[in-house]
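To keep things clear, I will list the structure first and then write my remarks on it.
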Amino acid sequence: MLFFLLCTAFLSLTVATQSTLDIVSSRRLLDCPVNGTLTEPYLNPTLMVPVSKKLPNHPFGPTKKPVVTPNDFCTIFNLVIPPTAVGKTCTLEFLFPNHIQTPNPFLYSGGGHFTFTGYAFGSGATKTTTYNKQPPAGPSPPQPPAVLKPGNAYTINVGGCAIEKGMSSLTVSGMLCSADTSFWYKQSDEKCPIGFFVSIS
3 MLFFLLCTAF LSLTVATQST LDIVSSRRLL DCPVNGTLTE PYLNPTLMVP
53 VSKKLPNHPF GPTKKPVVTP NDFCTIFNLV IPPTAVGKTC TLEFLFPNHI
103 QTPNPFLYSG GGHFTFTGYA FGSGATKTTT YNKQPPAGPS PPQPPAVLKP
153 GNAYTINVGG CAIEKGMSSL TVSGMLCSAD TSFWYKQSDE KCPIGFFVSI
203 S
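With my numbering as the guide, the letters of the sequence shown map in order to residues 3 to 203.
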């Protein structure tokens, strides 16, 4: 079902775009975007779950390839903060290399405007999360980037890691949506990284 919906969502992509995606399979990769690499320690999402406004009660389950479509599909991301991050700063980043910077596949079409919705600390998506059964509301990034475009690295939010002494871990989560953009990609920390990450400093 999800595969069918994704195919339908991306039928609007032009033939030119599809041809480009075919050609880049044998490309020579260029350097990553400025600030588009990762330095230890950093965190990958532990769970990514698509939800749909048009199918609000349908659980799509975990994915390794997040999807966003205009006014329909969003993806919820969980990240788990370790106890070693007590008293440290966490930087939520979205790294977005272009097709000649990363071997990881992605599809992107539209104006590039996204929304970032935060959930309560200690909560997150589960395998059965749906649009109508989201985690409880929490703080959202106060000044997220206005636009996400390939070939860039974005800082979404910077702040204390929120985990307190004595806690074994802390789940933080949020949802990525868009009113004008179709976006599908493979989350990866390989060269060049693409997706959401939390850097700890």
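The C-beta atom is built at its ideal place from N, Cα and C for all residues, glycine as well.
All figures in this text were calculated on a predicted structure; none of them were measured in a lab.
Using a Cβ-Cβ cut-off of 8 Å (strictly less than) and excluding sequence neighbours within five positions of residue 160, which residues of its own chain qualify? Result list for residue 160: 91, 92, 93 and 94, in chain order.
Cutoff 8 Å; reference residue 26; Cβ partners in own chain excluding five residues on either side: With a pLDDT of 38 at residue 26, under the threshold of 50, the modelled position of that residue is not reliable, and the figure given next carries that caveat. Apart from sequence neighbours up to five positions away, the residues of its chain that approach residue 26 with a beta-carbon distance below 8 Å are 101 and 102, ordered along the chain.
Any idea if residue 47 is buried or exposed, counting beta-carbon neighbours within 10 angstroms, 16 or more meaning buried? Classification for residue 47: buried.
Do residue 188 and residue 107 have their C-beta atoms closer together than 8 Å? Cβ distance < 8 Å, so residue 188 and residue 107 count as in contact.
State whether the stretch 71-86 contacts the stretch 143-153, with contact taken as three or more CB pairs (one from each stretch) at a distance under 8 Å. No, because fewer than three Cβ pairs between the stretch 71-86 and the stretch 143-153 fall closer than 8 Å, the two stretches do not touch.
For the beta strand (DSSP E) containing residue 51, name the first residue and the last one. That run of the beta strand (DSSP E) goes 49-54.
Please name the residue, chosen from 163, 72, 86 and 176, that lies closest to residue 183 on a Cα-to-Cα basis. Closest by alpha carbon: 72.
For the beta strand (DSSP E) containing residue 62, list its first residue and its last residue. Here residue 62 belongs to no beta strand (DSSP E), and DSSP marks it neither H nor E.
Do residue 58 and residue 156 have their CB atoms nearer than 8 Å? Taking 8 Å as the cut-off, the beta carbon of residue 58 is found no closer than this to the beta carbon of residue 156.
Is it buried or exposed for residue 127, if we count other Cβ within 10 angstroms and need 16 for buried? Residue 127 comes out buried.
Whole-Å CB distance - residue 162 paired with residue 119, under 8 Å assumed: Taking the Cβ atoms as the reference, residue 162 lies roughly 20 Å from residue 119, outside the contact range of under 8 Å.
Tell whether a beta-carbon distance below 8 Å holds between residue 200 and residue 49. No, these two residues do not count as a Cβ contact at 8 Å.
Residue 145: buried (16+ other C-beta within 10 angstroms of its C-beta) or exposed? The C-beta of residue 145 has fewer than 16 other C-beta atoms within 10 Å across all chains shown, which makes the residue exposed.
Residues sharing a beta bridge with residue 95, DSSP: Note: residue 95 sits in a beta bridge opposite 157 and 199.
Going by other Cβ atoms of all chains shown within 10 Å of its Cβ, with 16 needed for buried, is residue 56 buried or exposed? Per the 10 Å Cβ criterion, exposed.
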